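J.: Numbering (the working numbering), first residue to last: 28 to 336.
One structure, pasted below without further comment.
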Ligand code: FE
C-alpha cells in the first residue's frame, strides 16, 4: 500500500472573506495572497504559495482538502487503491491544477462528504513568507498544514477510506460515555505529526469541519495570539490547555465561518516503528481546556438525539 504524506491545503467557503483575512493576518500571523479572479484569496504560512484558499460563498464550511503524495507514480497508485476500494476518482482539470498551484491532482469524495484531492508537486515560492504579525513561524514542512477534525456519519467508513485506501495509520481511538450519549473519535496520522485528521462520529452535524489546527514554532506565538484575541474581540471557544493525546498546548478561537481554529505549540510526534495505537475513554486535558468536556458532552447528546437513542 502507498500512502499520502501530508495535509497540503484546504479550501474554505467564506461568507465574510474580509473578516477571515483580518483574523488570518492580525491574529494568526498568516499572509494574504490575492487570487487570480479577484474573489478568491489565499493564505500563506510557509515556503509554498498558499496552504488555505478562501472561496467566497455561503457554505462557511470546509469545501475541499488536498493530500500530498511524493510523485506522479504514487498519485496513480493511490488513485488505483481508491478505485479498487469502490471510490469514484476523477482527474483534476487544468483549471483545478493551476488554481491549487500543483503539478497534478485527482479528486474524489470522502465519507464526510468532503471533496478530497490527492496531488503531487508544489513549486517552492521564491518570495519569502511575510508573516501578518511578528511571529516565529509555523511548524509545517514534512508535517503539513496542521490537522483538521471532521464529523462523519460513520467512523468505520471513514477509517476504511483514510486508513485502508489512503494509507493513514491510527494514532488513537477515543470513546467517551456521557449520561446523554456516547461519542466515538479516531485520530490518524500520515507523517510524524500525531494526527493530520481526526473524526467524530455524528449522524447529523451542522458542518463537516469541527476545527483545523495551526502549530506555531514558539509558545510565545500562542500566548501573544491569545492576548490579541482579547484585544480584537475574537471569541474563545476553548481556553488554553494541553491535550492528553497529542500534548498540544493550544486554545480554540472562533473564526468568521462559525467553526474553530486551534492555535497551538509543542505537539507530540509519532515514530511508526514503535507506535502502538492508544485508547482513551476521556477527552479531559492534562491541564486547561476547561470548556472541552462540556462541549464534547453536548456533541454526544446531539449525536444520540440525531440517531434516535
Ligand atoms: Fe485539534
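Don't be surprised by glycine CBs; every beta carbon is placed ideally from N, CA and C.
As the structure is a prediction and not an experimental result, all values here were calculated from the model.
Residues in the same chain with beta-carbon distance under 6 angstroms from residue 33, minus the five sequence neighbours each way, listed in chain order, please.
T.: These residues qualify, in order along the chain: 95, 171 and 218.
J.: Between which residues of its own chain and residue 137 is the CB-CB distance below 6 angstroms, once the five residues before and five after are set aside?
T.: The answer, listed in chain order, is 143 and 188.
J.: Rounding to the nearest angstrom, what Cα-Cα distance links residue 70 and residue 87 in this structure?
T.: Those two C-alpha atoms are separated by around 16 angstroms.
J.: Are residue 51 and residue 173 touching if we call contact CB-CB under 8 angstroms?
T.: No, Cβ-Cβ distance for residue 51 and residue 173 is not below 8 angstroms.
J.: Tell me whether the beta-carbon of residue 162 lies closer than 8 angstroms to the beta-carbon of residue 75.
T.: Not in contact: residue 162 and residue 75 (Cβ atoms no closer than 8 angstroms).
J.: Looking only at its chain, what residues have a beta carbon closer than 8 angstroms to the beta carbon of residue 261, apart from the 5 residues adjacent to it on each side?
T.: Once the five neighbours on either side are set aside, the close Cβ partners of residue 261 are 50, 54, 255, 280 and 281.
J.: Look at residue 39 and residue 89 and say whether their C-beta atoms are less than 8 angstroms apart.
T.: In contact: residue 39 and residue 89 (Cβ atoms closer than 8 angstroms).
J.: Which class does residue 326 belong to by DSSP, given the choice of helix, strand or coil?
T.: Note: residue 326 maps to helix in three-state DSSP.
J.: Quick one: is residue 228 buried, meaning 16 or more other Cβ sit within 10 Å of its Cβ, or exposed?
T.: Its Cβ being crowded by 16 or more others within 10 Å, residue 228 is buried.
J.: Since residue 49 is in the alpha helix (DSSP H), which residue starts that stretch and which ends it?
T.: First-last of the alpha helix (DSSP H) with residue 49: 44-50.
J.: Please classify residue 67: does DSSP put it in a helix, a strand, or coil?
T.: Reduced to three states, the DSSP call for residue 67 is coil.
J.: If you measure between the beta carbons of residue 327 and residue 203, is that distance less than 8 angstroms?
T.: A contact, by the Cβ cut-off of 8 angstroms.
J.: Which two residues bound the contiguous alpha helix (DSSP H) that contains residue 257?
T.: Residue 257 -> alpha helix (DSSP H) spans 246-259.
J.: Is the stretch 119-128 touching the stretch 172-186, taking contact as three or more C-beta pairs under 8 angstroms?
T.: As far as the Cβ criterion goes, the stretch 119-128 does not touch the stretch 172-186, which means the pair count is below three.
J.: Tell me whether residue 289 counts as near ligand 1, meaning its Cβ is closer than 7 angstroms to at least one heavy atom of that ligand.
T.: For ligand 1, at least one heavy atom lies less than 7 angstroms from the Cβ of residue 289.
J.: Just to confirm, are residue 310 and residue 293 a CB contact at a threshold of 8 angstroms?
T.: In this structure, residue 293 does not lie closer than 8 angstroms to residue 310 by Cβ.
J.: Could you name the residues of the same chain whose beta carbon sits closer than 6 angstroms to that of residue 28, not counting the 5 residues immediately before and after it, in chain order?
T.: Correct list, in chain order: 194.
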